[in-house]
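Asks:
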Amino acid sequence: MAKTDTVLAQDAIAVIESFAPRSLAFSGDPVGLQVGRLNKPVHNIWLALDASPDVIEQAVGSQADLLITHHALLFRPLSRVDTSTVRGQAVAKALAHDLCVYSAHTNLDVADGGVNDVLAQLLGLRDVEILDRVQNERLRKLVVFVPESHHQEVMDAVCAAGAGHIGNYSSCTFNTPGQGTFLPLQGTNPFIGEAGKLERVQEVRLETVVPESKIEDVVRAMLSAHPYEEVAYDLYPLEIMGKAYGIGRVGQLPEPMRLLDFAKMCRAQLQLQHIRFGGAPDMNVRRVAVLGGSGGKWVHQAIAMGADVLVTSDTDHHLVAEAWQDGLAIVDATHSSLERPVLTRLKTELEQHLGERVSVTIANVNEDPYHWV
């Protein structure tokens, strides 16, 4: 993104999608722009879990230009905008005040540093891994032929743009020296040689892997660093799997603790007055699975991953009883308390990338639909 005084909605959205791309979202999940236009200039950004009437009311009252939420305003398709309904009124108010609304939902759950990584960090988990893999990013092989004089420059450029990552290793390339030939035709302006004369040049065949999401950035960086007027390069699809992405996380507590004490720790870290759990209060807990939002259907995966306890929300009587019969304790917090901490991550990312050109506010609205007595 160019550093100008004006930030557009699409610039702020690009910051979010740089680590939570829409390609990570579950099928059918309506992530992305909900209301408004991408080219709208923005100065005041609001963050919330839901684009509820209360949130939209306060955002409009604070002259917000862009509202970024976790849950989609238009999660269920609208056949009409009926302003006698609460949802219809919210859509109408956003449109009337030119408030742009954007949602990052399951892509933010799955993303590195998203909902579940923030939750795992909040609970102090170590050696964190994915609870349930949902996809692997596809890889491409980039092959480019570079004159020896610019080999290092091009290699550094493509690696800096995101190429060359294999597992926990970066700058992974293979380089083969050889001789390239070319005949500049009339009207060309060759970096080496002259028009009408066959040239033989000592070149290096540079090979590396590129995630599909980084193809455009890597090719752009390669072309910028390469000295030739016409660059010879190839992109090959690979059958091997790239980086794994998944829902939920599993990790280790620094020290074992009783389930009762662990539940109390969760209550404190999530800033709740009450929390509920299923399992023997005195059981030892060491390996913990977390899944922000409604994670009951991942009970069997948590058991398969060796978890002692699953921290999630919206579980029911039978699910918790059967999970405990199978040896898995459940700590059930509120849906909003497990997801709200990620808003701080979004705020940090936006401020780091957009600087003082925008203000970023986390909505101070109670987004839990339940009242506790």
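Quick note on numbering: the numbering used here labels position 4 of the sequence shown as -2, and the sequence is numbered without any gaps.
Cβ coordinates follow ideal geometry from the N, Cα and C atoms, glycine included.
In this text the structure is predicted, and so the values were computed from the model without any measurement.
1) Measuring only the C-alpha atoms, how far is HIS37 from ALA6?
2) When you compare the CB positions of ARG351 and VAL1, do they come within less than 8 Å of one another, or not?
3) Would you please state the rounded distance, in angstroms, between the beta carbons of GLN57 and ASN33? I believe it to be under 8 Å.
4) Secondary structure at ARG297, three-state DSSP: helix, strand or coil?
5) Which of helix, strand or coil does DSSP assign to ASP5?
6) By DSSP, does THR100 sit in helix, in strand, or in coil?
7) Report the three-state DSSP secondary structure of MET(-5) (helix, strand or coil).
8) Can you find the residues in the same chain that come closer than 7 Å, C-beta to C-beta, to MET(-5), ignoring five residues on each side of it along the sequence?
9) Looking only at its chain, what residues have a beta carbon closer than 8 Å to the beta carbon of ASP310, apart from the 5 residues adjacent to it on each side?
10) Please name the residue in GLY273, GLY272 and LYS258 whose C-alpha comes closest to that of LEU266.
11) Can you give, in chain order, each stretch of the beta strand (DSSP E) that sits fully within the region 222 to 286 and has at least 3 residues?
12) For the alpha helix (DSSP H) that contains ARG214, what are its first and last residues?
13) What are the boundary residues of the beta strand (DSSP E) that includes ASN130?
14) Taking buried to mean at least 16 other C-beta atoms within 10 Å of its own C-beta, is PRO178 buried or exposed?
15) Could you have a look at ILE186 and say whether DSSP puts it in helix, strand or coil?
16) Out of THR328, LEU322, TRP318 and ALA296, which one is the CA nearest neighbour of ASP422?
17) Identify the continuous beta strand (DSSP E) that holds ASP59 and give its terminal residues.
18) In its own chain, which residues sit with a C-beta less than 7 Å from the C-beta of VAL109, not counting the 5 before and 5 after it?
19) Using 8 Å as the cut-off, can you tell me whether the region 318 to 328 makes contact with the region 144 to 158, which would need three or more C-beta pairs spanning the two stretches below that distance?
20) Identify, in the order they occur along the chain, each residue of the same chain with its Cβ nearer than 8 Å to the Cβ of HIS365, setting aside the five sequence neighbours on each side.
21) Please work out which residues of its chain come closer than 8 Å, Cβ to Cβ, to ALA19, disregarding the five sequence neighbours upstream and downstream, and give them in chain order.
22) Can you name the start and end residues of the alpha helix (DSSP H) that TRP318 belongs to?
23) Going by the DSSP bridge assignment, what does ILE160 pair with across the sheet?
24) Roughly how many whole angstroms lie between the Cα atoms of THR202 and ASP76?
25) If the criterion is Cβ atoms closer than 8 Å, does the pair SER307 and THR338 meet it?
26) DSSP on ALA88, reduced to helix/strand/coil?
27) In whole angstroms, give me the CA-to-CA distance for LEU313 and SER207.
28) Are the Cβ atoms of TYR96 and LEU192 separated by less than 8 Å?
29) DSSP state of SER46, grouped into three classes?
30) Using the three-state DSSP reduction, which class does GLU361 fall into: helix, strand or coil?
31) Check the DSSP bridge columns for PRO171 and list the partner residues they point to.
32) To which residues does DSSP link CYS94 through a beta bridge?
33) Taking DSSP as the reference, what is the three-state secondary structure of ASP106?
34) Would you call the CB atoms of ALA45 and LEU61 closer than 8 Å?
35) Any chance the region 222 to 234 sits against the region 134 to 146, with 3 or more Cβ pairs inside 8 Å?
36) Just reading off the alpha helix (DSSP H) that GLN28 is part of, what are its end residues?
Replies: According to the data block:
1) Start at 1 with the first residue of the sequence shown, and residue 37 comes out as number 43. Start at 1 with the first residue of the sequence shown, and residue 6 comes out as number 12. Cα to Cα, the separation comes out at about 10 Å.
2) In the sequence shown, residue 351 corresponds to position 357, counting from 1. In the sequence shown, residue 1 corresponds to position 7, counting from 1. Yes, the Cβ-Cβ distance between ARG351 and VAL1 is below 8 Å.
3) By one-based count along the sequence shown, residue 57 stands at place 63. By one-based count along the sequence shown, residue 33 stands at place 39. Between ASN33 and GLN57 the Cβ distance is about 19 Å, and since that is not below 8 Å, they are no contact.
4) Mapped onto the sequence shown, residue 297 falls at position 303. The sequence given here places Ile at residue 297; Arg does not occur at that position. ILE297: helix per DSSP, three-state reduction.
5) In the sequence shown, counting from the first residue as 1, residue 5 sits at position 11. Helix.
6) Counted from its first residue, the sequence shown places residue 100 at position 106. Looking at THR100 - three-state DSSP - the assignment turns out to be helix.
7) Position 1 of the sequence shown, counting from 1, holds the residue named residue -5. Residue confidence for MET(-5) is low, a pLDDT of 45 falling below 50, so the modelled location carries little weight and cannot support an answer.
8) Position 1 of the sequence shown, counted from the first residue, corresponds to residue -5. The predicted position of MET(-5) is uncertain, since its pLDDT is 45 and thus under 50; no value can be drawn from it.
9) Residue mapping note: residue 310 aligns to position 316 of the sequence shown, counting from 1. Answer for ASP310: GLY290, listed in chain order.
10) The count along the sequence shown starts at 1 and reaches residue 266 at position 272. Considering only alpha carbons, the answer is LYS258.
11) 227 to 252 and 270 to 272
12) In the sequence shown, residue 214 corresponds to position 220, counting from 1. That run of the alpha helix (DSSP H) goes 209 to 219.
13) Position 136 of the sequence shown holds residue 130. Its beta strand (DSSP E) spans residues 120 to 141.
14) Along the sequence shown, one-based indexing puts residue 178 at 184. Buried, by the Cβ-count rule.
15) Along the sequence shown, one-based indexing puts residue 186 at 192. It is coil, neither helix nor strand.
16) Residue 422 cannot be examined here, being either before or after the span of the chain that is shown, -5 to 367.
17) Here the question's residue 59 lines up with position 65 in the sequence shown. From DSSP, ASP59 is part of no beta strand (DSSP E); its letter is neither H nor E.
18) For the purposes of this step, residue 109 is taken as residue 115 along the sequence shown, with counting starting at 1. Counting only Cβ-Cβ distances below 7 Å, and skipping sequence neighbours, we find LEU102, ASP103, GLY286, GLU333 and VAL336.
19) no
20) Against the sequence shown, residue 365 aligns to sequence position 371. Result list for HIS365: empty, nothing under 8 Å.
21) Residue 19 sits at position 25 when you count from the first residue of the sequence shown. Excluding residues within five positions, the ones whose Cβ falls inside 8 Å are VAL25, HIS99, THR100, ASN101 and VAL104.
22) Mapped onto the sequence shown, residue 318 falls at position 324. Run containing TRP318: 311 to 319, per the alpha helix (DSSP H) assignment.
23) As a position in the sequence shown, residue 160 is number 166, starting the count at 1. The partner list for ILE160 (beta bridge, DSSP) reads TYR163.
24) Walking along the sequence shown from the start, residue 202 turns up at place 208. Walking along the sequence shown from the start, residue 76 turns up at place 82. Cα to Cα, the separation comes out at about 54 Å.
25) The residue given as residue 307 occupies position 313 in the sequence shown. The residue given as residue 338 occupies position 344 in the sequence shown. Not a contact, by the Cβ cut-off of 8 Å.
26) Start at 1 with the first residue of the sequence shown, and residue 88 comes out as number 94. Helix, per DSSP.
27) Indexing the sequence shown from 1 puts residue 313 at position 319. Indexing the sequence shown from 1 puts residue 207 at position 213. Computed Cα separation, rounded: 38 Å.
28) Here the question's residue 96 lines up with position 102 in the sequence shown. Here the question's residue 192 lines up with position 198 in the sequence shown. No. Outside cutoff.
29) Taking the first residue of the sequence shown as 1, we reach residue 46 at position 52. If DSSP states are grouped into helix, strand and coil, SER46 belongs with coil.
30) The sequence position of residue 361 within the sequence shown is 367, counting from 1. The answer is coil: DSSP assigns GLU361 none of H, G, I, E or B.
31) Numbered from 1 along the sequence shown, position 177 holds the residue referred to as residue 171. Answer is VAL198, bridged to PRO171.
32) Sequence index remark: in the sequence shown, residue 94 carries index 100 (1-based). Answer is LEU60.
33) One-based indexing of the sequence shown puts residue 106 at position 112. Correct three-state label for ASP106: coil.
34) Against the sequence shown, residue 45 aligns to sequence position 51. Against the sequence shown, residue 61 aligns to sequence position 67. Taking 8 Å as the Cβ cut-off, ALA45 and LEU61 qualify as a contacting pair.
35) yes
36) On the sequence shown, position 34 is the one that residue 28 refers to. Unbroken run through GLN28 is the beta strand (DSSP E), 26 to 29; no alpha helix (DSSP H).
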